[in-house]
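Some notes on the structure that comes next.
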Amino acid sequence: MIVDEWQIPNVNLAPDPRCASQVASESAFPRNNDFDSLGHYRYVFDNVIDAIFVHDLTGQFLQVNQAACRQLGYSRDEMLTMTVQQLHNPEAAVRFDGSMQQLLREGNLLIERSHRRKDGSFMPVEINARLIEYKGQPAVLGVVRDISERRRAEAEIEEQNRKLGELALQASQRAKQLEAITELVHIVSSARSLDEMFPVFAEQTRRLVDYDRISIILFNATTRQFIIRLVLDESGNGPRQGMAMPCDEAMVDFMQNTPQPILCPNPHAPERNLIGQRMATQMGVLTSMSLPLMIQNRFLGVLALSRRRAPNFLSADVQMLLPVAKQLAIAIENARLEEQIKVMAIREERDRLGREMHDGLGQVLGSIALRASTAVELLRQGQTERAQATMEELASLARVSCSEVREEILGLRTAGHATLELEAALREYLRHYEHEWEIACELQVGNGGLKICHLRGEAQLLRIVQEAMTNVRKHARASRVVLRMIREGESLVTTVEDDGCGFDPDVRRVDHFGLLTMRERAESVGGQFRVESAPSQGTRVIVSVPCREIQEDPR
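The opening residue of the sequence shown carries number 0 in numbering that gives the first Met the number 0; numbering runs sequentially from there.
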C-alpha cells in the first residue's frame with residue numbers, strides 16, 4: 000500500500016467495542032509496510048498519550064514513542080538499546096518467556112507489571128500486547144498505560160472499606176455491649192434480692208468483661224471493715240462469702256473523696272493500688288479493677304473483678320461497667336431499705352399480735368377462768384344443772400377461742416409463705432375459713448391471675464383481707480362473702496363484700512380500731528382504703544394497691 004503523508008486510510012469511525020489500546024494496535028499500524036515511511040502515522044504515534052513499545056520476540060526494543068520516553072525518563076536512543084526485561088522487576092523478568100509463549104498462542108495479552116524508571120522508582124502499568132509484523136519480522140506491539148492513579152484509588156477504596164469494616168464491627172460489638180449492659184441493668188433493677196440476682200448478674204457481666212473472680216464487697220462504716228457480700232470464683236481461692244476484711248483506709252478515703260474506679264492493670268501498678276498488689280501476692284491475680292458503689296455521695300462498697308491471666312483490664316472495660324455499678328449501688332441500697340422495712344413490719348405485726356392477744360384471747364381466757372370458777376362453786380353448792388350450763392358456756396368459749404387462734408396462725412402462715420402466690424394463698428385461707436365458720440366464700444380474680452412483686456405489699460394486702468374476714472364472722476352475721484380482685488387502670492382493687500346486717504358508717508363501732516388498722520396497712524404500701532355499708536345491706540371493704548407493685552402472672 001502506497002500513501003502520502005496527508006492521505007487518511009479508510010478507517011471505520013463507528014464506535015468500536017474494543018479497548019483503546021487494541022484499536023491503536025489494529026488501526027495505527029498497517030501490516031507489511033515500513034512504519035517510518037508513513038509520516039502521518041509517525042505523528043500520531045508520537046502524540047498518543049499512552050506509551051507504545053515495539054519490541055522483537057526476545058524483548059529488544061525496536062521502536063518507542065515520546066510518551067514512553069517521558070513515562071520512563073529515558074531518551075529514545077537510550078530506550079532502543081534496552082530490553083523489556085530491563086524495565087521489569089526481577090520477578091517479572093523471569094516470567095517474560097512465559098508471557099511470550101502465551102502471546103504466541105493467543106495472539107494478544109493483557110497483563111499488569113511494574114516498570115522501573117530511569118531514577119530507579121517503579122511504576123505500576125497495564126500492558127495490552129499483540130503480535131504484529133514490523134519490517135518483515137514478527138514483533139510485539141505493546142500499549143502501556145500508567146495505572147498509578149488507579150492503584151492509589153484502589154488502595155484508598157480498600158483502606159476505606161477496611162475502616163468501614165472496622166467501624167461496622169465496632170458498631171456491632173458496641174450494640175452487643177449495650178444489649179448486655181441493658182440486660183444487666185434490668186436484672187439488677189428488677190431483682191427481689193441480691194442473692195437471687197447475683198448468679199445471673201455474674202454470668203451477664205462475663206459477656207461484657209471476662210474475669211476469673213467477681214465479688215460485691217460492702218463497706219461497714221461502723222466497724223471500718225469490708226464484708227464479702229457475694230463472690231464467684233471457680234478456683235475457690237481468696238476471701239469467701241461472708242468474710243470480713245480490714246479496710247484499706249487510703250482506698251476508702253480515695254473512694255469517698257474522689258469516687259473513681261481503681262484500675263490495677265498489672266502487679267506493678269502505682270502505690271495507690273495497694274489492694275491490687277496484695278491480691279497479686281496472695282491470690283495470684285494479674286489484673287484487677289474495683290468500681291465504687293456510691294449512693295448520694297455515700298460509699299457503699301465496691302464491685303471487684305480480677306484475672307489471673309492476660310489480657311490486662313483496660314480503661315474501656317471500666318467505662319463499660321460503670322453504669323452497671325451505678326445500678327448495682329441502687330439495688331444494694333434498696334435491699335438495705337427493704338430489710339429495714341421488713342424489720343419494721345415484724346415489729347408492727349408483733350405489736351398488733353400483742354394487742355389482739357390482750358384484747359381478744361386474753362379477755363376470752365379470763366372469761367373462761369371466771370366461768371370455770373363459777374362452775375366449781377356451783378358444784379360445791381350442789382347446783383348441778385347450773386354448773387352444767389356454765390360448763391357448756393365454758394366449752395363454747397373454748398371452741399371459739401381455738402378457732403380464732405387457728406385462724407390467726409393460718410393468717411400468719413399464709414402471709415409469710417414466700418412460695419405461695421397471692422391468689423393461691425387467698426384460696427387456702429378461704430377454704431379453711433369456710434370450713435371453720437360455715438360461711439360460704441367465693442374468690443373472683445381478674446383475667447390471668449395476679450401476683451404482687453413487693454413482698455411487704457403482698458403481706459399487707461393479705462392481712463387487710465384477713466382482718467375484713469374476721470369482722471364478717473364477728474359482726475356481720477353473714478351467710479356469704481365474696482372476695483374480688485380486679486385490675487383497674489393503675490391499681491389492683493380488692494373488695495371484700497358480705498350479705499350481712501351492715502352498719503351505719505357514721506356511727507362509731509366497737510371494731511373501729513380494726514378499720515383504722517386496715518387503712519394504715521393500705522396506706523403503708525401506697526394504697527387506698529374505704530368502707531361502704533348501710534344497715535341491712537351488707538358491707539363492702541375496698542382496698543386498692545398501685546400497679547407498680549403488681550405483675551401479670553404469665554401462666
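Note that CB positions come from ideal geometry on N, CA and C, so glycine has one too.
The residue among 59, 301, 84, 492 with its C-alpha nearest the C-alpha of residue 219 is 301. Secondary structure note for residue 365: it is in no beta strand (DSSP E), and the uninterrupted alpha helix (DSSP H) holding it is 361 to 379.
Under the 8 Å Cβ criterion, the segment 66 to 74 does not count as touching the segment 156 to 173, having fewer than three qualifying pairs. In the three-state DSSP reduction, residue 472 falls in the helix class (H, G or I).
Per DSSP, reduced to three states, the secondary structure at residue 440 is strand. Non-local beta-carbon contacts of residue 523 in its own chain, meaning distances under 7 Å to residues more than five positions away in sequence, involve 459 in chain order. Judged by DSSP in its simplified three-state form, residue 81 adopts coil rather than helix or strand. Just measuring C-alpha positions, the residue of 487, 497, 463 sitting nearest residue 472 is 497. For residue 157, the secondary structure class from DSSP, reduced to helix, strand or coil, is helix. Taking C-alpha positions only, residue 181 is separated from residue 319 by approximately 11 Å.
If you look at residue 125, you'll find it isn't in any alpha helix (DSSP H); it sits in the beta strand (DSSP E) that goes 121 to 133.
Taking C-alpha positions only, residue 44 is separated from residue 171 by approximately 56 Å.
DSSP places residue 501 in no beta strand (DSSP E); its state is neither H nor E. Closest in C-alpha terms to residue 140, from the list 107, 379, 208, comes 107.
The segment 319 to 336 makes contact with the segment 296 to 311, as at least three CB pairs between them are under 8 Å. If you ignore the 5 residues before and after residue 393, its C-beta comes within less than 8 Å of the C-beta of 367, 370, 371, 374, all in its own chain and listed in chain order.
Distance from the CA of residue 200 to the CA of residue 234, rounded to the nearest whole angstrom, comes to 19 Å. A direct Cα-to-Cα measurement between residue 80 and residue 68 gives close to 13 Å. Here residue 286 is bridged, per DSSP, to 306. By the CB criterion at 8 Å, residue 492 and residue 482 fall outside the cutoff.
Taken atom to atom, the span from the alpha-carbon of residue 293 to that of residue 315 is near 20 Å.
Separation of residue 226 and residue 439 (C-alpha to C-alpha, rounded to the nearest whole angstrom) is 54 Å. When DSSP states are grouped into helix, strand and coil, residue 186 belongs to the helix group. In the DSSP assignment, residue 389 is bridged to no other residue.
By the beta-carbon neighbour count (other beta carbons within 10 angstroms, threshold 16), residue 380 is exposed.
Taken atom to atom, the span from the alpha-carbon of residue 223 to that of residue 248 is near 8 Å. Within the model, the alpha-carbon separation for residue 143 versus residue 210 is close to 60 Å. Closest option to residue 217, judged by alpha-carbon separation, among 148, 229, 88: 229. Bounds of the beta strand (DSSP E) holding residue 225 are 224 to 232. Rounded to the nearest whole angstrom, the C-alpha separation of residue 435 and residue 457 is 24 Å.
Exclusion of the five residues before and after residue 389 leaves 370, 373, 374, 377 as the residues of its chain whose Cβ lies within less than 7 Å of its Cβ.
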